[in-house]
Ligand SMILES: [Zn+2]
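Numbering (this note's numbering), first residue to last: 1098 to 1642.
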């Protein structure tokens, strides 16, 4: 007879570096659990470098000192050394200039690029296209920006010459060395991976110990998945596992096109299939994540939503109805090259990995879509974090998604997940004129915000995209724009960019793009509730032309 374990398992673990070999980590802990009948049992669990010397009656151990569970520790090169995060008044200090990198001449770029490079509407914008702007508000001239080491030196010197000390209203250094922040994050991710892996091993061991039929270890353990962030290949495994586990719901599409560096961009379709495996024509919802590489919480949220739908199908009436009446088209990682780069080189990389020449890398994909391309609100300067690229949809990632979107034909709602700032942004970004569907978009955006608030109390702001600042060539404008609408049989799409946690007013603003892994689940929960409303509403009330 099978024994059932009660769920009151008590785990306590310590992670520590051993004295003799500081690079080796040991994981030790005590495990107490109660089997059916209330008999308490306990075991000592030892993982890591010291396990050879430990003894204990019931012990699971893993002794490979260099490679605990095959989990790779992230070891960033020093790309962010002495980069600083600074809050400052950009309008007041836009006169501080940054040199154009040696060898770059305006005649080297296309006439279009050089004109947008030179003729920003405001001098402040010209200055800001040199910096990596993390947040800014339309209500004040304050900007939070990431400076390279040499930019920061120059800025500090200029402020010194102006006689303005650091720490006042004019400028404050939030973080002096972003490399340190990235390294701390890498350490945290690694420790979390180890802790989660120990839990998985113990769960397998418990099953074995109690004579349960060996639980097959699958590629992905959904019970622990959302406790941490994951690399690109692991995320791909996550979606493959979902497709294996829910063949009646999920179709995995290995490639909708390739990135600049030749990686396949995968996608999934998710809906309740007919008994013969075919899919009825129904309204479609488009979700995409990780257009910007460093916005990891956007990727985890799309994973959470996918799992939320698949795991509740047939259990939750609302979700069962949603999957019966709707088809989801999901691109989990748009910018795979950039995302890999944030795991291997630079945690704060944003753009794709296009070589622009002269040592400049990357096009901002969310300024490269073929909608009012390069009409301001983006940069023609190849080093800029908002560099729009040489021409509309020049980037293969953008081409792949535009094509895939255009093939669908029945899309009624589209969300592009980003972080951070806690904003629900509706069209349009390229013009200050209110969009023809402002009333409908505002109604749905405001509802999303109030639903999110009810889940964990987080305050998001619902507003037109341009109210934040002007952008052109952005995905959410393209979804709502003429090209996509024509491809979509004339049906306009409810289109939003959602900027996820944390908020702008996070103390110091330091965590920014680095949202702690403990927030993946609460963030997923608040967005899942909002999306249940969104999908149900826009499918039943599509935009009228
Ligand atoms: Zn973004």
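Glycine is no exception: its CB is placed at the ideal position from the N, C-alpha and C atoms.
Quick caveat: nothing in here was measured; it's all calculated off a predicted structure.
{"Check": "Would you identify the three-state DSSP class for residue 1634, choosing helix, strand or coil?", "Outcome": "helix"}
{"Check": "Can you give me the Cβ contacts of residue 1283 inside the same chain, cut-off strictly under 8 Å, excluding the 5 residues immediately before and after it?", "Outcome": "1170, 1171, 1172, 1173, 1444"}
{"Check": "Tell me the start and end of each unbroken alpha helix (DSSP H) in the region 1560-1640 that is at least 4 residues and wholly inside, in chain order.", "Outcome": "1562-1565, 1572-1577, 1579-1584, 1617-1637"}
{"Check": "What span of residues does the beta strand (DSSP E) with residue 1269 cover, start to end?", "Outcome": "1268-1272"}
{"Check": "With a threshold of 6 Å, establish whether the CB of residue 1515 neighbours any heavy atom of ligand 1.", "Outcome": "yes"}
{"Check": "Could you please give the first and the last residue of the uninterrupted beta strand (DSSP E) stretch that includes residue 1513?", "Outcome": "1508-1518"}
{"Check": "Closer than 6 Å to a non-hydrogen atom of ligand 1 - does that hold for the CB of residue 1243?", "Outcome": "no"}
{"Check": "Do you know how far the Cα of residue 1501 is from the Cα of residue 1513?", "Outcome": "15 Å"}
{"Check": "Could you tell me if the beta carbon of residue 1392 falls within a distance shorter than 6 Å of some heavy atom in ligand 1?", "Outcome": "yes"}
{"Check": "Does DSSP classify residue 1135 as helix, strand or coil?", "Outcome": "Residue confidence is low: residue 1135 scores 45 on pLDDT, short of 50, so the model does not pin down where it sits. Its coordinate-derived value is still stated next. Correct three-state label for residue 1135: coil."}
{"Check": "Determine whether the beta carbon atoms of residue 1184 and residue 1271 lie at a separation below 7 Å.", "Outcome": "yes"}
{"Check": "Check whether the Cβ atoms of residue 1511 and residue 1576 sit closer than 7 Å, and answer yes or no.", "Outcome": "yes"}
{"Check": "Please tell me whether, using a cut-off of 6 Å, the distance from the CB of residue 1389 to the nearest non-hydrogen atom of ligand 1 is below it.", "Outcome": "yes"}
{"Check": "Quick one: Cα of residue 1640 to Cα of residue 1533, how far?", "Outcome": "10 Å"}
{"Check": "So the beta strand (DSSP E) residue 1239 belongs to, where does it begin and stop?", "Outcome": "1239-1244"}
{"Check": "Who are the Cβ neighbours of residue 1233 in its own chain at under 6 Å, not counting the five residues just before and after it?", "Outcome": "1240"}
{"Check": "Would you report the Cα separation of residue 1382 and residue 1456, rounded to the nearest angstrom?", "Outcome": "39 Å"}
{"Check": "Cβ of residue 1521 within 7 Å of Cβ of residue 1559?", "Outcome": "yes"}
{"Check": "Out of 1179, 1352, 1567, which one is the CA nearest neighbour of residue 1527?", "Outcome": "1567"}
{"Check": "What is the DSSP secondary structure of residue 1348, counted as helix, strand or coil?", "Outcome": "strand"}
{"Check": "So, does the region 1489-1501 touch the region 1473-1481, judging by three or more C-beta pairs under 8 Å?", "Outcome": "no"}
{"Check": "Over what stretch of residues does the alpha helix (DSSP H) that includes residue 1337 continue unbroken?", "Outcome": "1329-1342"}
{"Check": "So residue 1424 is in the alpha helix (DSSP H); what residue range does that whole segment cover?", "Outcome": "From DSSP, residue 1424 is part of no alpha helix (DSSP H) but of the beta strand (DSSP E) over 1424-1428."}
{"Check": "Tell me which same chain residues have a C-beta within less than 6 Å of the C-beta of residue 1370, skipping the five on either side of it?", "Outcome": "1345, 1376"}
{"Check": "Hey, how far is the Cα of residue 1287 from the Cα of residue 1168?", "Outcome": "8 Å"}
{"Check": "For residue 1599, does the count of other Cβ atoms within 10 angstroms reach 16, so buried, or fall short, so exposed?", "Outcome": "buried"}
{"Check": "For residue 1212, collect the residues of the same chain with a Cβ closer than 8 Å to its Cβ; drop the 5 residues on either side in sequence, then sort them by chain order.", "Outcome": "Residue placement at residue 1212 is flagged as unreliable, the pLDDT there being 39, under the threshold of 50; a coordinate-derived value is accordingly withheld."}
{"Check": "In its own chain, which residues sit with a C-beta less than 8 Å from the C-beta of residue 1423, not counting the 5 before and 5 after it?", "Outcome": "1368, 1379, 1380, 1381, 1382, 1632, 1636"}
{"Check": "Taking only the alpha-carbon atoms, compute the straight-line gap between residue 1609 and residue 1279 and give it to the nearest angstrom.", "Outcome": "12 Å"}
{"Check": "What are the boundary residues of the alpha helix (DSSP H) that residue 1481 is part of?", "Outcome": "Segment: none, residue 1481 is in no alpha helix (DSSP H) and carries neither H nor E."}
{"Check": "Return the chain-ordered list of same chain residues with a C-beta closer than 8 Å to the C-beta of residue 1322, the five sequence neighbours on each side being excluded.", "Outcome": "1335, 1400, 1404"}
{"Check": "Which residue wins for smallest C-alpha separation from residue 1505, given the options 1487, 1584, 1391?", "Outcome": "1584"}
{"Check": "Since residue 1180 contacts residue 1276 with CB under 8 Å, what's their CB separation in whole angstroms?", "Outcome": "7 Å"}
{"Check": "Using only the alpha-carbon positions, how far apart do residue 1612 and residue 1394 sit?", "Outcome": "7 Å"}
{"Check": "Just the Cα atoms here: how many angstroms apart are residue 1363 and residue 1252?", "Outcome": "42 Å"}
{"Check": "So residue 1539 packs on residue 1523, CB below 8 Å; how close in whole Å?", "Outcome": "7 Å"}
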